[in-house]
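Under the UniProt record's numbering, the first residue of the sequence shown carries the number 1, and numbering increases by one thereafter.
We put the CB at the ideal spot given by N, CA and C, even for glycine.
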Amino acid sequence: MSFEYTPPKYAQLIAEIERRIESGEYPPGSPLPSEHQLMAEFGMARPTVVKALGVLRDNGWIISEQGKGRFVRGRPALAAGQHPRTGRELLDRKEIPSTTRLVSAGLVKAPRRIASYLGLDDGASVVLRRTVVHQGDEPSEIVSVWLRSELAEGTALAASAELPQGVGRLVESAAGVGLDHIVEHLTARNPTKEERGLLGVAASAALLDLYAVACDATGKAHVVLQTVLPGDRHELEDAYPIR
Numbered sequence: 001m002s003f004e005y006t007p008p009k010y011a012q013l014i015a016e017i018e019r020r021i022e023s024g025e026y027p028p029g030s031p032l033p034s035e036h037q038l039m040a041e042f043g044m045a046r047p048t049v050v051k052a053l054g055v056l057r058d059n060g061w062i063i064s065e066q067g068k069g070r071f072v073r074g075r076p077a078l079a080a081g082q083h084p085r086t087g088r089e090l091l092d093r094k095e096i097p098s099t100t101r102l103v104s105a106g107l108v109k110a111p112r113r114i115a116s117y118l119g120l121d122d123g124a125s126v127v128l129r130r131t132v133v134h135q136g137d138e139p140s141e142i143v144s145v146w147l148r149s150e151l152a153e154g155t156a157l158a159a160s161a162e163l164p165q166g167v168g169r170l171v172e173s174a175a176g177v178g179l180d181h182i183v184e185h186l187t188a189r190n191p192t193k194e195e196r197g198l199l200g201v202a203a204s205a206a207l208l209d210l211y212a213v214a215c216d217a218t219g220k221a222h223v224v225l226q227t228v229l230p231g232d233r234h235e236l237e238d239a240y241p242i243r
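The following block contains the structure:
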């Protein structure tokens, strides 16, 4: 069954305020409408407005000054669309045959970490999609997508063919909910035997292992995206406003 996805109200408010800032309707340095004004104009509850304003502040579009209110900062130098976080980029990434090789797709027993992220019992069956991404002639990373079996079975997510669109849209359609946020966990370790073969690295190589857990607005996890990166081929960079 397919579902039409409508962004949550707070996301719609974020998009509209960003549009007004970019168009010059809300110029840099100008005071932002108050919470009550936004509630009245958009017909939204205060928690929805506060959540939207919090995201805009965290992403650098507006600033808050205690006792004075909120002011427009302008389009951030590193807007979300220009510098996507790793988890978001993995959600949107397509499996392009020219650069991506699908290694496996099917049911497996969930490792303890994955079961914990998805709220499942240890050893529960999950669907795993694993691909190797190449840069030029060299393998650059292993990407694994872990999903609840009942969510993925019967969809393209469990099929043994490259996905023509990002995992995020497919998960939202299958689950009938919107993905609201991502929690990332980063570790470092040595490679497994399988990873040594897929990446062409030595047993002593240092790998960066990043897990991005994508959840709906209630906090329920629907998909875990794992990327394994050889430490000598990657450098992780992040940038965000100070306030």
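Exposure of residue i, with buried meaning 16 or more beta-carbon neighbours within 10 Å
i    : result
I96  : exposed
A152 : buried
P139 : buried
R46  : exposed
T218 : exposed
P28  : exposed
First through last residue of the beta strand (DSSP E) which encompasses residue i
i    : result
Q135 : 125 to 135
L225 : 221 to 230
Spatial neighbours of residue i in its chain, beta-carbon cut-off 7 Å, leaving aside the 5 residues before and after
i    : result
L181 : According to the sequence provided, residue 181 is His. The question's Leu does not apply to it. So the qualifying residues of the chain are C215.
V228 : E141, I142, E195, L207, D209
T155 : L170, A174
P230 : L199, V201, A205, L207
Residues near residue i in its chain [Cβ-Cβ closer than 8 Å; skip 5 each side]
i    : result
E65  : F71
Q56  : Sequence inspection shows Leu at residue 56; the Gln mentioned does not correspond to that position. Closer than 8 Å at Cβ, skipping near neighbours: I14, I17, E18, I62.
G200 : E138, P139
Top-ranked residue by Cα proximity to residue i, from the options
i    : options                : result
S149 : L118, G136, A161       : L118
L225 : R93, D121, E35         : R93
D122 : R73, S30, V183, P111   : P111
E172 : R189, L186, A221, V108 : A221
L91  : E235, E237, H234, A212 : A212
Extent of the continuous alpha helix (DSSP H) to which residue i belongs
i   : result
T48 : 46 to 58
Local conformation of residue i per DSSP, three classes
i    : result
R189 : strand
K9   : helix
V171 : helix
G69  : strand
L207 : strand
A161 : coil
I182 : strand
E25  : coil
L147 : strand
E138 : strand
G106 : strand
T86  : helix
Same chain only: Cβ atoms within 6 Å of residue i, ignoring 5 sequence neighbours per side
i   : result
K51 : Y10
M44 : K9
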